[in-house]
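Here is the structure we will look at.
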Ligand code: ZN
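Residue numbers (our numbering): 3 to 176.
Dropping the structure here:
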């Protein structure tokens with residue numbers, strides 16, 4: 003039996019499928035998925051999670067930037083549940099920086115992402131939220147939204163030379 007907060011690993015079909023729009027933010031099913039996602043994030047060193055990573059094909063992400071052993075330089079913010087998230091780039095500027103993923107352990111890669119985005123989503127109370135996100139938080143948001151489209155960050159690397167082992171990544175911060 004699999005635990006409800008077990009993280010799907012690369013190769014699992016669920017990570018390559020399109021997640022469905024959430025129609026009823028307050029339904030017990032959706033509330034349960036959000037609780038399972040929060041529990042999964044709490045026991046990992048992740049800074050974000052998408053519902054397909056706990057094998058639920060719903061358009062829900064949590065962005066929870068915080069300095070952790072996995073991301074020592076991440077800014078601190080309150081974990082934010084975002085339902086049906088979408089965004090527009092505020093400029094064409096992209097920046098490459100390191101990413102990892104709980105579904106792809108042991109690997110990091112340089113990934114180009116928009117530096118500044120206008121994000122829109124529904125919060126847990128059902129309110130529509132519009133928010134400008136920049137830099138690391140914008141990066142996490144774009145990474146998690148990719149999961150809702152069945153994409154992983156390795157799909158976006160420009161060169162396989164930009165993929166390194168996590169042990170080499172940690173040496174960069176020593
Ligand atoms: Zn991920």
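For every residue, glycine included, the Cβ atom is placed at its ideal position computed from N, Cα and C.
**Item:** Heavy atom of the ligand ZN within 8 Å of residue 20 beta-carbon
**Value:** The count along the chain shown starts at 1 and reaches residue 20 at position 18. No.
**Request:** Please look up how many angstroms separate the CB atoms of residue 102 and residue 160, rounded, as I've assumed it's under 8 Å.
**Result:** Position 100 of the chain shown, counting from 1, holds the residue named residue 102. Position 158 of the chain shown, counting from 1, holds the residue named residue 160. Actually they do not touch by this definition, with Cβ atoms about 17 Å apart.
**Prompt:** Is residue 31 helix, strand or coil by DSSP?
**Reply:** Position 29 of the chain shown, counting from 1, holds the residue named residue 31. It is helical.
**Prompt:** When burial is assigned at 16 or more other CB atoms within 10 Å of the CB, is residue 9 buried or exposed?
**Reply:** Counted from its first residue, the chain shown places residue 9 at position 7. Residue 9 comes out buried.
**Item:** Rounded separation between residue 114 and residue 70 - CA only
**Value:** If you number the chain shown from 1, residue 114 lands on position 112. If you number the chain shown from 1, residue 70 lands on position 68. Roughly 22 Å between the two C-alpha positions.
**Message:** Tell me which residues share the same chain as residue 135 and place their Cβ nearer than 6 Å to its Cβ, disregarding the 5 neighbours each side in the sequence.
**Reply:** As a working mapping, residue 135 is identified with position 133 in the chain shown. The residues 119, 121, 143, in chain order, have a CB closer than 6 Å to that of residue 135 in the same chain once the five nearest residues on each side in sequence are set aside.
**beta-carbon residue 64 near the ligand ZN non-hydrogen atom, thresh 8 Å** = As a working mapping, residue 64 is identified with position 62 in the chain shown. Every heavy atom of the ligand ZN is 8 Å or more from the Cβ of residue 64, so no.
**Message:** For the ligand ZN, is there any heavy atom lying closer than 8 Å to the beta carbon of residue 104?
**Reply:** Counting from 1 along the chain shown, the entry for residue 104 is found at position 102. Under cutoff, so the answer is yes.
**Request:** Within the same chain, show all residues whose beta-carbon is closer than 8 Å to that of residue 175, passing over the 5 residues directly before and after it, in chain order.
**Result:** Numbered from 1 along the chain shown, position 173 holds the residue referred to as residue 175. Contacts found: 74, 75.
**Asked** Is residue 155 near the ligand ZN, going by C-beta to nearest heavy atom under 8 Å?
**Response** The count along the chain shown starts at 1 and reaches residue 155 at position 153. In terms of side-chain proximity, the C-beta atom of residue 155 is found nearer than 8 Å to a non-hydrogen atom of the ligand ZN.
**Prompt:** Does the distance from the CB of residue 62 to the CB of residue 85 come in under 9 Å?
**Reply:** As a first step, residue 62 is located in the chain shown; it is residue number 60 there, counting from the start. As a first step, residue 85 is located in the chain shown; it is residue number 83 there, counting from the start. Contact flag set, yes.
**Message:** Here's a check: name, in chain order, each residue in its chain whose Cβ is nearer than 7 Å to the Cβ of residue 12, leaving out the five neighbours to either side.
**Reply:** As a first step, residue 12 is located in the chain shown; it is residue number 10 there, counting from the start. For residue 12, where only same-chain residues beyond five positions count, the Cβ hits under 7 Å are 105, 106, 154.
**Message:** I believe residue 77 touches residue 138 by the beta-carbon criterion, under 8 Å. Please report the beta-carbon distance rounded to the nearest angstrom.
**Reply:** Here the question's residue 77 lines up with position 75 in the chain shown. Here the question's residue 138 lines up with position 136 in the chain shown. Indeed, because the Cβ distance is near 6 Å, the residues count as touching under 8 Å.
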